[in-house]
Structure formats: C-alpha cells, structure tokens
Amino acid sequence: MKTACLQTSYFPQDHTGEHIAEALHDVLLNWKLDEKGLVAITTDNGSNVIKAVELKKWQRMQCFGHRLHLAIGECNVFI
C-alpha cells in the first residue's frame, strides 16, 4: 500500500458534506488527477466526511488508527 498527502488547504466554509465533497473534487482537479482512477479514500467517522464521500460515490475505507483510538477510549471507560 502507498499513501500520499497531496495538499493541505485553508477551509473557511462550514464543514458540511457538500462543501467537503467540493473541496476534495477541487484537489483532484488541481493535481490533474482523474476521479475514475481513485481507488478509495481513508477517513475518520465524521458524519460530514462520510456524507462527502457518499456524494462523490467513492469507496471509503475507515482509518484503522482512528478506530483503534476509539476502541482504546471505550476500554478506558470500563477500567
């Protein structure tokens, strides 16, 4: 597996699924990447991010590190 961070951006709009989807689309355009070549996008479980990925009809992979962090946090509740 390979990963890459193409860019980070200032994002002054409300972080709605629609705005995030538009911003992600713009990143692909800026880098002249074909959206059809996108295999998957890794995200956290934020409902706005999930909505953005659904709007774009992309394959979403949940971030293992984020899920592990959530699981550990849940375990601390029972200690």
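Counting along the sequence shown from 1, when you hit position 51 you're at 51 in the UniProt record's numbering, and nothing is skipped either side.
Beta carbons are placed, not taken as given, at the ideal position from N, Cα and C, and that holds for glycine.
The region 59 to 67 and the region 21 to 31 do not touch, with fewer than 3 CB-CB distances between them shorter than 8 angstroms. DSSP places THR42 inside the beta strand (DSSP E), whose first and last residues are 41 to 43. Nearest to THR42 by C-alpha distance, out of ASP26, GLU18, HIS19 and ARG67, is ARG67. Under the DSSP assignment, SER47 falls in the alpha helix (DSSP H) whose first and last residues are 47 to 56. In the DSSP assignment, MET61 is bridged to THR42.
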